[in-house]
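Engineer: Take -6 as the starting number for the sequence shown in our numbering and just add one per residue.
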Amino acid sequence: MRPLIPLLLMAFVSACQYAPADKAEPENVSGAALAMEEWARVRAYPDGHISTGHLSAAFAAREAIGPSRGAAPEWEALGPKNFGGRTLCLAFHPEDTSTLYIGSASGGLWKSNTEGAGPLAWERVPLGYPVLGVSSIAINPQDPDEMYIGTGEVYNYTAAMPGVSDRLTRGSYGIGILKTTDGGQSWSKSLDWSYEELRGVWDIVINPQNPATVWATTTEGTYRSFDHGATWALVHDWPMGCDLEMAPFDTSLVYVAYGGYNSPQSGIFYTHDNGQSFQPSVGLPQEYSGRAKVHFHPSEPGLMIASVANADEVEGLYATTAGEGGWQLVSAADVPQYQGWYSHDAVLDPNLPLHFLWSGIDIYSGNLPFPEVQRRTFWYTWEFGQTPVGGPEGPPYYVHADVHGLYYAPYNPDKVFAVTDGGVFVSADDGANWESRNGGLQTQQFYARFSNSTADPNLAIGGMQDNATAVYLGDAAWYRVIGGDGMCTAINPVNDQFVYGSYQRLNLLRSEDRGATFAQLGLSSAAEEVANFNGPFLVDPSSPARLYAGAQRLHRSEDHGDSWQATSIGPVDGQSGNPILAIAVSPHEPSQLLVATAPLLGGEAGVYRSADGGATWSQPEGLPDRVFMEMVYDPVTPGQAYAVCSGFGSGHVFKSVDGGESWEDISNGLPDLPANTIVVDPAQPTDLYIGNDLGVYASFDSGNTWEPYSTGIAEAVMAMHLSIAPGRKLRVATHGLGVYECSLRDIVGVEKVPLSPAVVLEPPFPNPAKAQFRLPLLLNSKAEVRLRAVGPAGQEVYKRAWGLSGGAHQLEVNVSLWAPGQYILEAWSGAERIGAWPVIVQR
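1) Under the rule that 16 or more other beta-carbon atoms within 10 Å means buried, what is residue 834, buried or exposed?
2) Per DSSP, what are the beta-bridge partners of residue 196 in this structure?
3) Leaving aside the five residues before and after residue 138 along the sequence, list all residues of the same chain whose C-beta is less than 8 Å from its C-beta, in chain order.
4) Taking the beta strand (DSSP E) that residue 521 falls in, what are its first and last residues?
5) List the whole-angstrom C-beta distance separating residue 81 from residue 581, where the pair is believed to meet the contact cut-off of C-beta under 8 Å.
6) Go ahead and label residue 404 buried or exposed: buried means 16 or more other beta carbons lie within 10 angstroms of its beta carbon, across all protein chains shown.
7) For the candidate residues 44, 781 and 796, whose alpha-carbon lies nearest to that of residue 826?
8) With C-beta atoms as the reference, is residue 540 less than 8 Å away from residue 524?
9) Which residues does DSSP list as the beta-bridge partners of residue 473?
10) Buried or exposed: residue 571, going by 16 or more other Cβ atoms within 10 Å of its Cβ?
11) For residue 642, is the classification buried or exposed, using 16 other Cβ atoms within 10 angstroms of its Cβ as the cut-off for buried?
12) On the criterion of 16 or more Cβ atoms from any shown chain inside 10 Å, does residue 215 qualify as buried, or is it exposed?
13) Would you report the Cα separation of residue 130 and residue 124, rounded to the nearest angstrom?
14) Do you know how far the Cα of residue 669 is from the Cα of residue 824?
15) Who are residue 681's beta bridge partners in DSSP?
16) Among 210, 646, 319 and 201, which has the Cα closest to the Cα of residue 291?
17) Can you tell me the Cα-Cα spacing of residue 413 and residue 478, whole angstroms?
18) Answer with buried or exposed for residue 385, where buried requires no fewer than 16 other C-beta atoms within 10 angstroms of its C-beta.
19) Just list the residues that DSSP pairs residue 603 with in beta bridges.
20) Using a Cβ-Cβ cut-off of 7 Å (strictly less than) and excluding sequence neighbours within five positions of residue 19, which residues of its own chain qualify?
21) Counting only the same chain and skipping the five closest in sequence on each side, list residues whose C-beta sits under 7 Å from that of residue 852.
22) For the region 396 to 470, which segments carrying the beta strand (DSSP E) assignment without a break, of at least 3 residues, lie completely within its bounds, in sequence order?
23) Going by DSSP, what residue range makes up the alpha helix (DSSP H) through residue 35?
24) Have a look at 34, 243, 168 and 653 and flag the residue whose alpha-carbon is nearest the alpha-carbon of residue 597.
25) Measure from the alpha carbon of residue 92 to the alpha carbon of each residue in 192, 732 and 108, then state which is nearest.
26) I'd like the list of long-range same chain contacts for residue 240, defined as Cβ closer than 7 Å, with 5 residues on each side in sequence excluded.
27) Nearest CA to the CA of residue 847: which residue from 593, 453 and 136?
28) Per DSSP, what are the beta-bridge partners of residue 272 in this structure?
29) Between residue 76 and residue 415, is the Cβ-Cβ spacing less than 8 Å?
30) Looking only at C-alpha atoms, which of 463, 459 and 458 sits nearest to residue 452?
31) Please state the DSSP three-state secondary structure of residue 55.
32) Is the number of C-beta pairs between the region 552 to 565 and the region 620 to 628 that are closer than 8 Å three or more?
33) Can you give the Cα-Cα distance for residue 79 and residue 461, rounded to whole angstroms?
34) Should residue 761 be labelled buried (16 or more other beta-carbon atoms within 10 Å of its own) or exposed?
35) Just grab the DSSP bridge partners of residue 182 for me.
36) For residue 640, does the count of other Cβ atoms within 10 angstroms reach 16, so buried, or fall short, so exposed?
Pasting the structure below:
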């Protein structure tokens, strides 16, 4: 064993930046773990299987059908374009230093011709296959037109099982390895896993001296090809390969690291005979519950480092100069922290061989052989509000949390790139200062429910995986608010000043200024209850001051979320206490409710119906044993409702005509894929739109037939939530490609049906008031609206009329000169009194 190279005499000036003293670092909680668990739970229930084969079969069937039989929808990307989504890997073009490729977690492959700089830096690369996650990229250094990508993001060896077992797989299907020989213009299958269970390819390496030899390490072991990927041989049958490195000085020496979330086997092995045999590397841990990453120095033979981590605690950073063994622990710093199974890396400086960067939640630096490391980045210093497209997202010490990979640029050894759960970042000074490179990188993973104003097409809000909540104001640069993992959202339909957001486990917030600022809402009645990762809530469409939120019981607020009470004594399911995942409220009969539960605590998932405002619950007939993701009532026909479910092996879209007591399957040829969302066109209720793990499908005959409706977005896109915005726009919030919209089809053959009664009112607020009352209302057409206030003795103290156009309005009543006391405020439309409320004036 050779000792570590003696420390070079060099001046090392720390450029470490420190976070402002007034920003406290948030509590360490693995949102990634919660997200993965929920993603797999709903898809794998009840038999524990997640099949890539269903996705591939659905894609093939859709390609055979062709485009929409009607006018093909023209989808427009709404963004966000000013920050990125989860990014797994990066590759440099070997000849063009301005060209980069990255792989996103569920948005496919992306390319930049500007090193990621500028507002239009990135474009998605069409692949011709239903690829969601790209976890590895390799480019032939002798022929850059030849390129391989590995697909799928999987952190656990087996897929989810029923009950409460670990489900830490990931939300992007893998179809194996794709290859191009024309610089990405066309692609073909190299290692074909299109019809297998959920699998992933974590790393691909091309032999730079003999590019016919290609290596890949995968969830199924390590493979090697001697014929440019035409055929592959499994050369090391060990589960959960997560990193593969080839020695730059001896291409017969290959290291492979194995491990995942509590994988049944782990370890770091090497081969010195092109894969004929593998040996465990002496001095490195061979049993750990997380992942490991190995790195060769590009010019110092034998110099290597390895980051090894358990699922939720450190193993450490190891180093050797022997190449094939002699490893020593050089630092036990807990850099990966609580996500050692998920995201960490370590690389050596090409200029200063003993200098390294080590990443986990944040990025650290150090020098061998000393164990001290210095923190370089502080993920929680990101800028909230609106950051410019292609501009900075925070101070020079900000890099988004969860760094999956670090890459020194081969053409500039001072430049290093990081791929993170918030996109791409670069340092031009060896990790001292950083800047974002995410202009145009629309790869955000949205969740349900995405919400729109009913009056303003330029106001919408949605929550995202690991990227907070984003408010759309008509610009590609969205506003980030709240923090954490953004979850369910809502906007009051008659007063869009009221905007609601949340973060994981049903933590609700409310804005009274269209999303500019938010305040926490205390859901006190659910304080002791278990909630799903994406805990649901919604605004009652017939009484917008009323909110519902779902934990183990359904909870109701009558005052915009200020106070809450449970609708029932016990859990909705009455048995295992599984929490609510979806809620629906009838716009026609407000006491009529539907909820769906997820099997978080074991037992069965279920759909439950209430006809008494949630006091009692019963299970309807005709639904399969699956997790139901969304239920909606028909906006026009009382008693009619729709529901969609996740999982495999059943129908996925169901209809009820008796208020949810019984259901019939109207899937009618839809692919056997998890369905996530459904929306009914209120002006043409025969038109239904559903979103599943492949994209959007439409029915223009009440579900009798279906056709593909999102091929203009991507070959595959996980459609998480569908909604309708003003101007007859259909919006899809995707889990991997941000938000898109298209126009709903023209109304044909039927008379336009009004969305609601002539006037929908919300009670005046604030009440009591000192200066003014505000009265929100929604008109379907032009009308005169009059307000009148009567005092305690019957005297008229206020009278005013407005001539208003159709749409949402907010009438203001100045009470600053009224005497303190109680009044009756009346609203009239024409000769009809449409509301009356007691109001109190205070001083």
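Yeah, the Cβ is synthetic: ideal placement off N, Cα and C, and Gly gets one too.
Structural biologist: In brief:
1) buried
2) 210
3) 173, 174, 175 and 176
4) Where residue 521 is concerned, there is no enclosing beta strand (DSSP E), given that its DSSP letter is neither H nor E.
5) Contact flag wrong, Cβ pair sits at about 46 Å.
6) exposed
7) 781
8) With respect to the 8 Å criterion, residue 540 and residue 524 are not classified as neighbours on the basis of their beta carbons.
9) 378 and 463
10) By the neighbour-count criterion, in which a residue is buried when 16 or more other Cβ atoms sit within 10 angstroms of its Cβ, residue 571 is buried.
11) For residue 642, the number of other beta carbons within 10 angstroms of its own is below 16, and it is reported as exposed.
12) buried
13) 13 Å
14) 45 Å
15) 673 and 692
16) 201
17) Taking the straight line joining both Cα atoms gives about 15 Å.
18) exposed
19) 586
20) Note on residue 19: pLDDT 44, under 50, position unreliable in the model; no value is reported.
21) Here the chain covers residues -6 to 836 and nothing more, so residue 852 does not appear.
22) 396 to 402, 405 to 413, 416 to 420, 453 to 456 and 462 to 465
23) Residue range 24 to 37 is occupied by the alpha helix (DSSP H) that includes residue 35.
24) 34
25) Distances from the alpha-carbon of residue 92 to those of 192, 732 and 108 put 108 closest.
26) Excluding positions up to five away in sequence, the list reads 246, 289 and 316.
27) Outside the displayed range of the chain (-6 to 836) lies residue 847, so it cannot be described from this structure.
28) 263
29) In this structure, residue 415 lies closer than 8 Å to residue 76 by Cβ.
30) 463
31) helix
32) no
33) Just so you know, the alpha carbons of residue 79 and residue 461 end up roughly 12 Å apart.
34) exposed
35) 171
36) buried
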